[in-house]
Amino acid sequence: MANKAFKYRIYPTASQRELLLKTFGCCRFVYNHYLVLQSERHTAGETYMSRTACNNDCNRILKETHPWLREVDKFALTNAVYALNRGFQRFFQHQGGYPRFKSRRHGRMSYTTNFTNENIAVLEQEIKLPKLGRVCAVVHRQADAAWVLKQATVSMERDGSFYVSILYEYKTDIVKSEVNPSSILGLDYKSDGLYMDSEGNCCDMPHFYRDSQKKLSKAQRKLKHKKLRSNNYYRQQRRISRISRKIANQRKDFLHKVSTGIANRYDLVCIEDLNLRNLSNKGFGNGKATLDNGYGMFATMLGYKLADRGKQLVQVDKWYPSSKTCSRCGKIKPMPLSQRSYDCTCGLKLDRDVNAAVNIKNRGYEMYLEKCA
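The structure is reproduced here in structure tokens:
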């Protein structure tokens, strides 16, 4: 079994918007309430309440003392309790920090509801949701008839736009394809673009952030002249969020198209296992370019798209000297960043990024064969 989600833009009416905001607020209240309760139990030396105990307490006690919690979707409140429980589980397993309180003014607001008794449906240009009824939506794709609808997550971005993500479960019989040696690609990361591949093709990614930086900076300067927490202040914040969302959407759209093209064409793709956060803070002067090209997002997209097609993504160790090694004879020599061409005593003369991509391809194929042996 596998899961896949489709995200749709929705346009609620004024009354539906009011109910959505109320649901966000109720979920935030329940989450913060049980965070306080669990913290107090921890301070008193008592054990943490299980998610079932918290949910039962919410249904039997909290809703009695706060009747307005009954006005919203009950599954949304249950999932808020479960989300807090997952946060504590990650904390106990040293996979994350201690859960923090949710703020009304900061961050993305969302809630998750479950599918039962046909309470969620994706129609032609509408989406049916619990308590809300039919909401106008841009339905750009439909799920296969055999897929099982599991849940829906409604969210409001900081610019005031609403979205719903519909999660499906489906049976998958992915057959891993045989790797053709002529259908292997190596990718070397480029901070001023996106990558250089082993065939000598450079992906020149547009600089969406830097192209919109002047407009974004102007909007941010205007925010400084607004009275803090006034209506004009929050209105200007939404303008800034719209600009940032457009930049993110442009970047995501470009990366989706590039990653889909590679996944359709090649059987095995080899990349470096890079820590981009550290790379952007190394003081090389390319931090903004590193954060702008979204290489980490690209690698994630490439991974799941190849997996869906029964193909392979191999990550070569980041300490492998791909730039210093000759792709013909294997000789290793120092390569300062200022030297853009790899000249070897064996007669090889090649662009340093292409040479590195070829080495990543060869090393990745070796790792694949070792894994299959």
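Count along the sequence shown from 1, add 6, and you get the number used in the working numbering. Where is the CB? At the ideal position from N, CA and C, for every residue including glycine. This one's a predicted model, so the numbers in the text were calculated from it and none came from an experiment.
Beta-carbon spacing of Tyr-195, Glu-77 below 8 Å: Mapped onto the sequence shown, residue 195 falls at position 189. Mapped onto the sequence shown, residue 77 falls at position 71. It is not a contact, given that the beta carbons lie outside the stated cut-off.
Secondary structure of Asn-120, DSSP reduced to three states: Translated into the one-based positions of the sequence shown, residue 120 becomes position 114. Three-state DSSP puts Asn-120 in a strand.
Beta-carbon contacts of Arg-248 that lie in its chain and below 7 Å, excluding the five residues immediately before and after: Start at 1 with the first residue of the sequence shown, and residue 248 comes out as number 242. So the list reads Asp-165, once near-sequence residues are dropped.
Counterpart residues of Cys-208 in DSSP-defined beta bridges: Locating residue 208 in the sequence shown gives position 202, where the first residue counts as 1. DSSP lists Met-202 as the bridge partner or partners of Cys-208.
Close Cβ partners of Cys-33 (< 7 Å) along its chain, the five nearest in sequence each way excluded: Residue 33 sits at position 27 when you count from the first residue of the sequence shown. Take Cys-33, set aside five residues on each side of it, and the residues of its chain with a beta-carbon closer than 7 Å to its own are Ala-82, Leu-83, Ala-86 and Tyr-117, in chain order.
Cutoff 7 Å; reference Gly-316; Cβ partners in own chain excluding five residues on either side: Numbered from its first residue, the sequence shown carries residue 316 at position 310. Result list for Gly-316: Ile-180, Val-181, Lys-182 and Ser-183, in chain order.
Met-162, enclosing beta strand (DSSP E) - first and last residue: Reading the sequence shown from its first residue, position 156 is the one you call residue 162. First-last of the beta strand (DSSP E) with Met-162: 154-162.
Status (buried if at least 16 other CB within 10 Å, exposed otherwise) for Tyr-272: Counted from its first residue, the sequence shown places residue 272 at position 266. So Tyr-272 ends up on the buried side.
Endpoints, the alpha helix (DSSP H) within which Leu-354 is located: Taking the first residue of the sequence shown as position 1, residue 354 is located at position 348. That residue, Leu-354, is in no alpha helix (DSSP H); it is neither H nor E in DSSP.
Simplified DSSP assignment, three categories, for Asp-194: As a position in the sequence shown, residue 194 is number 188, starting the count at 1. Strand, per DSSP.
Chain-order list of residues whose beta-carbon lies under 7 Å from that of Met-307 (same chain, five-residue window excluded): Walking along the sequence shown from the start, residue 307 turns up at place 301. Only residues of its own chain outside the window of five on either side were considered, and among them Leu-261, His-262 and Ser-265 have a CB closer than 7 Å to the CB of Met-307, listed in chain order.
Separation of Phe-12 from Arg-147, as counted between CA atoms: What you label residue 147 is simply residue 141 of the sequence shown in a count that begins at 1. What you label residue 12 is simply residue 6 of the sequence shown in a count that begins at 1. Arg-147 and Phe-12 have their C-alpha atoms roughly 8 Å apart.
For Ala-313, three-class secondary structure by DSSP: The residue labelled residue 313 in the question sits at position 307 within the sequence shown. In this structure, Ala-313 counts as helix in the three-state DSSP scheme.
Pairwise C-alpha distance: Asn-281 and Lys-258: The count along the sequence shown starts at 1 and reaches residue 258 at position 252. The count along the sequence shown starts at 1 and reaches residue 281 at position 275. Between Lys-258 and Asn-281, the alpha-carbon positions lie close to 20 Å from each other.
Euclidean distance between Cα positions of Cys-378 and Asn-186: Indexing the sequence shown from 1 puts residue 378 at position 372. Indexing the sequence shown from 1 puts residue 186 at position 180. Taking the straight line from one Cα to the other gives about 14 Å.
Neighbourhood of Lys-355 by C-beta, 8 Å cutoff - its chain only, sequence neighbours within 5 removed: The residue you call residue 355 lines up with position 349 of the sequence shown. In chain order, Ser-347, Tyr-348 and Asp-349 place their CB closer than 8 Å to the CB of Lys-355, counting only its own chain and leaving out the 5 sequence neighbours on each side.
Sequence-distant residues of the same chain with beta carbon closer than 7 Å to Ala-363, five excluded per side: What you label residue 363 is simply residue 357 of the sequence shown in a count that begins at 1. Here Ala-363 has Gly-192, Leu-193, Asp-194, Met-202, Asp-203 and Ser-204 as same chain residues with Cβ atoms under 7 Å from its own Cβ, once five neighbours each way along the sequence are excluded.
Coarse secondary structure for Arg-15, derived from DSSP in three states: To locate residue 15, count along the sequence shown from 1; it is residue 9. Of the three classes helix, strand and coil, the one that applies to Arg-15 here is strand, per DSSP.
Chain-order list of residues whose beta-carbon lies under 6 Å from that of Ile-253 (same chain, five-residue window excluded): For the purposes of this step, residue 253 is taken as residue 247 along the sequence shown, with counting starting at 1. Closer than 6 Å at the Cβ level, and outside the excluded window around Ile-253, lie Phe-214, Tyr-215 and Ser-218.
Straight-line Cα distance separating Asn-65 from Tyr-169: Stepping through the sequence shown from its first residue, residue 169 is reached at position 163. Stepping through the sequence shown from its first residue, residue 65 is reached at position 59. Distance from the CA atom of Tyr-169 to the CA atom of Asn-65, rounded to whole angstroms, is 28 Å.
Euclidean distance between Cα positions of Ile-246 and Gln-226: Stepping through the sequence shown from its first residue, residue 246 is reached at position 240. Stepping through the sequence shown from its first residue, residue 226 is reached at position 220. Distance between the alpha carbons of Ile-246 and Gln-226 is about 7 Å.
Alpha helix (DSSP H) segment containing Glu-46, residue limits: As a working note, residue 46 is residue 40 in the sequence shown. Glu-46 -> alpha helix (DSSP H) spans 20-49.
Per-residue DSSP class, three states only, for Ile-126: Looking up residue 126 in the sequence shown gives position 120. Three-state DSSP puts Ile-126 in coil, outside helix and strand.
Same chain, Cβ closer than 6 Å to Gly-93, five either side skipped, listed in chain order: As a first step, residue 93 must be located in the sequence shown, where it is residue number 87. If we look at Gly-93 and ignore the five residues flanking it on each side, its Cβ neighbours are Pro-105.
Span separating the alpha-carbon of Pro-212 from that of Gln-256: Taking the sequence shown and counting its residues from 1, the one referred to as residue 212 is at position 206. Taking the sequence shown and counting its residues from 1, the one referred to as residue 256 is at position 250. Rounded to the nearest angstrom, the gap between the Cα atoms of Pro-212 and Gln-256 is 9 Å.
Inter-stretch contact (C-beta, 8 Å, three-pair minimum) for the region 364-376 and the region 310-330: At 8 Å Cβ cutoff, the stretches touch.
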